[in-house]
Structures are given as structure tokens and as C-alpha cells.
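Using full-length UniProt numbering, you'd call the opening residue of the sequence shown number 1 and step up by one each time. Each residue gets a CB set at the ideal place from its N, CA and C atoms; glycine is no exception.
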Amino acid sequence: MPAAPQGSMLRRRHGFRANFQEEFEKLDANGDGFLTLEELAAGLNHHMGEAELIALFNKLDTNKDGRISLDEYVMGSVNNCREHASRVQDGVTESINNLEHVLDDLRKDKTLDSLSKLITDSIEKRNKAVWKEKKGIYRKMPYDEFKNLLFSKFDARDASRSGGINEDRALVLFQDLGKTFSKPDFRVFLSSNDVNHEEDISREQVLKLMLELLKEKAKFSSSVRRLMVLSQPKKSPAGRSVEDYLQQQVEEIKDAGKKAKLWKKNALKARSFGAKSNKLAAAQPVLRRAASADQANYFQWEFKRLDTNGDGVLTAEELFDGLKHRLGQDELSELFDNIDVNGDGLISQDEYVEARKTMQAFQKLF
């Protein structure tokens, strides 16, 4: 192919610069010819998280004077285009290599099964790479920004605006977010997180499922895993990342687990102490009070986990949502009525703690 005339190349370069200059002027809110971090954030905040914005700003600010000139913006944009083109070329090269493997297999008369496996493995490898990248981005995003992003994608799939989507739509939603499941694997994932695939899945359930996926893998004792079933971390202050939010959840669960173990340990000590020596019977009330105090703290922690809106009382809906995976509708209704001693339609913390201590109906839940 003959080389392009020099004049044509110059016109294209001028056109690129004009486009980048137009972008720059849109971002330059005060028109002083420089971009601050705040101006860049205001222009791009809907497209990337805080950490990504800071990294981009530092990359464009080549002379490190705390602002970006037009020349720095143009050169940085050109370099970004080159990097993107390089990544695209790498992807094309990998695709060509895969096709060459397929052709080799065909020449060697290998079965279609082996070719199918090669394609499947290639797709799986790509899906894992996409999720790894997305997971890193989501964990660094401010929690509120992540939640808004997830809910907006949920609403796009909730065409009927019913507040719930079916299993197939949820499967596509997770794919939109970068996590690809096969249908059997998705059902196993839902079941392991107490979500019924035959019922519509709510926004809050999708949020919990995504947070579960974003957790770093860690081993917990059986008692801590039981606490995680009812766990719902406190709302994190504005500006905290998803990673901070998840760490707070883990720390709260571990702390509650330690309190539960301490209560059990003290209760066992009290029983053992009384059985061994009648001479020290006077010390038993002291131990019982200590164990009772730890027990009350543990029950208060359970109450706060069920009290999702944090108003200090439990509604029937909050109790049902927290325990529906353990009891049926009729049993939950009867349980609510028995706990609600004053019959005001709400359960106070004192009512819950007292019922937790005495009611046999609770024994099969914990």
C-alpha cells in the first residue's frame, strides 16, 4: 500500500488534537487553561471510581505541579490511545494463536470434543480475567457509589418495576457486572446464600450476593458462619470503600463470635464449679451474673442484626426477613405474637432479649 501523503497525515494529527482540545475545554470548568483534580473528577466521576481518577490525574500531570495543562492532556490522551491499541493488538494476537491451535487440531484429525474444550477453556479464562479486573475496581469504589451502580443496573433489568427479577434476569445482571455463571453454578450460589431461585430476587438480595462475591476468601469457625447468616453490617460512613465495608463486616462477626464463645465458656464454668464443690456455692451467683451479662450482650447483638433500619424496634417484616430461612410463615407469625408482650405490633430490645432467654421456640434457631 502506498504511504499516505504527508499533508494528509498532518491534517489527521491536527484533527486529533482539536478533538482532545475540545474535551479539555469541556473539563476546564473555570477556563484557566489547566485542569485540577476536582475538575477532572467532576467531568469523569460517573465513569470511574476515586482511586482510578487519582491514578489518571497523576499519570497526566507529568511535571507534577498539581494541575494538567492542555499539552499534558493531549499527550496523555495520545499515550492512552496507544496503550489501548496495544491491548487490542494483544487480544487479536491471542485470538490468532487460538485459531492456529484449532487448525492444527483439525489437521491432526482430533475430535470435535477437544476443539470444544479448547474454546470453552478460552472463554472461561477470559471470564476469570474480566471478573478479576472488575472485582478489584468494585472493592476500591466508595460503597455508596458501588451500591448506586448496582441498583441502576438492577433497575435496567427490572422492566416491570416490581422490585424483583427472576433467575434468568439475575443471571444476566451478574454478567453485566462482570461475573459469569453457568445456570447450575448460579443456582448453587443462590442456594448457598439462602436465596430461592424459584422466587423473584430483590435489589437488597443482589447487593448481599455481590458483597459475598467481593469478600476475600477466609476460613471461619462454624459458630462464626452461623452468625454470618443474620449478619448485616452497619451502614458505613460516606467515602468508605466497599473493601472497608466488607472488612468492617468481618470484624463485627468475629467480635460477636468471641462474645458468644465467652458467654458459653463462663456458663460452663459456672455449672462445673457448682457441681465440684458445695463449699464454694456462694460464688455461683457471681458467675451466673457474669454469664448472664455476656448472654444479654449477645442477644442484643442479634437484635441489632435483625433491626435493619436501626430504629430500635423490630417490625414483623424485619423478623420475617431475618428468620424466614429457618421458620415457616405461620411459625414466624406465632413467634412474633409471643415476643410482642405488650401487643403494640413492634418488638422492643427488652422484649426480644427476655424472649430469647426463656422461649423454647428459639431453641431450634440457634
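Problem set entry | Distance, Gly312 Cα to Ser348 Cα | Within the sequence shown, the letter at position 348 stands for residue 348. Within the sequence shown, the letter at position 312 stands for residue 312. Here the alpha carbon of Ser348 sits roughly 7 Å from the alpha carbon of Gly312.
For this session: Could you name the residues of the same chain whose beta carbon sits closer than 7 Å to that of Phe174, not counting the 5 residues immediately before and after it, in chain order?
Result: Looking up residue 174 in the sequence shown gives position 174. Close CB contacts of Phe174 within its chain, under the 7 Å cut and outside five residues either way in sequence, are with Phe181 (chain order).
For this session: Find the nearest neighbour of Glu243 within the set Asp32, Tyr138, Gly33 and Asp176, judged by alpha-carbon distance.
Result: Position 243 of the sequence shown, counted from the start, is the residue given in the question as residue 243. Of Asp32, Tyr138, Gly33 and Asp176, the residue nearest in Cα terms is Tyr138.
Exercise. Roughly how many angstroms separate the alpha carbons of Ala129 and Ser122, rounded to a whole number?
Worked result: For the purposes of this step, residue 129 is identified with residue 129 of the sequence shown, where counting begins at 1. For the purposes of this step, residue 122 is identified with residue 122 of the sequence shown, where counting begins at 1. Computed Cα separation, rounded: 11 Å.
Exercise. Would you call Gly345 buried or exposed, if buried means 16 or more other Cβ atoms sit within 10 Å of its Cβ?
Worked result: For the purposes of this step, residue 345 is taken as residue 345 along the sequence shown, with counting starting at 1. Gly345 counts as exposed, since fewer than 16 other C-beta atoms from the protein chains shown sit within 10 angstroms of its C-beta.
Problem set entry | Per-residue burial, Gly322 [other beta carbons within 10 Å of its own, 16 or more giving buried] | To locate residue 322, count along the sequence shown from 1; it is residue 322. Looking at its Cβ environment, which holds 16 or more other Cβ atoms inside 10 Å, Gly322 is buried.
For this session: Starting from the C-beta of Lys134, find all residues in its chain whose C-beta is less than 6 Å away, skip the five residues before and the five after it, and write them out in chain order.
Result: What you label residue 134 is simply residue 134 of the sequence shown in a count that begins at 1. Residues Gly178 of the same chain have their beta carbon placed closer than 6 Å to that of Lys134, with the five preceding and five following residues left out of the count.
For this session: Have a look at the DSSP bridge pairing and note the partners of Val313.
Result: In the sequence shown, the residue the question calls residue 313 occupies position 313. Partner(s): Ser348.
Exercise. To the nearest angstrom, how far is it from the Cα of Met210 to the Cα of Arg169?
Worked result: Taking the first residue of the sequence shown as 1, we reach residue 210 at position 210. Taking the first residue of the sequence shown as 1, we reach residue 169 at position 169. Counting only the Cα atoms, Arg169 lies some 15 Å from Met210.
Exercise. By Cβ distance below 8 Å, which residues in the same chain neighbour Phe154 in space, the five residues on each side in sequence not counted?
Worked result: Indexing the sequence shown from 1 puts residue 154 at position 154. Apart from the 5 residues on each side of it in sequence, Phe154 sits with its Cβ closer than 8 Å to the Cβ of Ile165, Leu173, Arg203 and Val206 in its chain, given in chain order.
For this session: Count the other CB atoms, across all protein chains shown, that sit within 10 Å of the CB of Ser241; report buried if there are 16 or more and exposed otherwise.
Result: Translated into the one-based positions of the sequence shown, residue 241 becomes position 241. Ser241 is classed as buried because its beta carbon has at least 16 other beta carbons within 10 Å across all chains shown.
Exercise. Identify the residues that DSSP records as bridge partners of Gly164: which are they?
Worked result: The residue labelled residue 164 in the question sits at position 164 within the sequence shown. According to DSSP, Gly164 bridges with Ser202.
Exercise. Taking DSSP as the reference, what is the three-state secondary structure of Ser191?
Worked result: What you label residue 191 is simply residue 191 of the sequence shown in a count that begins at 1. Three-state DSSP puts Ser191 in a helix.
Problem set entry | Phe299 beta carbon less than 8 Å from that of Tyr352 | Taking the sequence shown and counting its residues from 1, one reaches residue 352 at position 352. Taking the sequence shown and counting its residues from 1, one reaches residue 299 at position 299. Against a cut-off of 8 Å, the Cβ pair of Phe299 and Tyr352 comes out as a contact.
Problem set entry | Nearest residue (CA-CA) to Gly43, options Glu23, Asn127 and Lys117 | Position 43 of the sequence shown, counted from the start, is the residue given in the question as residue 43. Per the Cα distances, Glu23.
Exercise. Taking Glu318 as the reference, which of Asp307, Thr93 and Leu171 has the closest Cα?
Worked result: On the sequence shown, residue 318 is found 318 positions in, with the first residue counted as 1. For Glu318, the closest of Asp307, Thr93 and Leu171 by C-alpha to C-alpha distance is Asp307.
Exercise. So what does DSSP say about Gly43, is it helix, strand or coil?
Worked result: Taking the first residue of the sequence shown as position 1, residue 43 is located at position 43. Here Gly43 sits in helix by DSSP.
Problem set entry | Between the CA atoms of Trp131 and Asp340 - distance to the nearest angstrom | Residue numbering aside, residue 340 sits at position 340 when the sequence shown is read from its first letter. Residue numbering aside, residue 131 sits at position 131 when the sequence shown is read from its first letter. The straight-line gap from Cα to Cα measures roughly 46 Å.
Exercise. DSSP on Ser182, reduced to helix/strand/coil?
Worked result: Within the sequence shown, the letter at position 182 stands for residue 182. Reduced to three states, the DSSP call for Ser182 is coil.
For this session: Could you tell me the distance, in whole angstroms, from the CA atom of Glu331 to the CA atom of His197?
Result: Numbered from 1 along the sequence shown, position 331 holds the residue referred to as residue 331. Numbered from 1 along the sequence shown, position 197 holds the residue referred to as residue 197. If you take the alpha carbons of Glu331 and His197, they lie about 23 Å apart.
Exercise. For Gly76 versus Leu60, is the C-beta spacing smaller than 8 Å?
Worked result: Here residue 76 refers to the residue found at position 76 of the sequence shown. Here residue 60 refers to the residue found at position 60 of the sequence shown. In this structure, Gly76 places its C-beta atom within 8 Å of the C-beta atom of Leu60.
Problem set entry | N-terminal and C-terminal residue of the alpha helix (DSSP H) that residue 368 is part of | Residue 368 is absent from the model: the chain starts at 1 and stops at 366.
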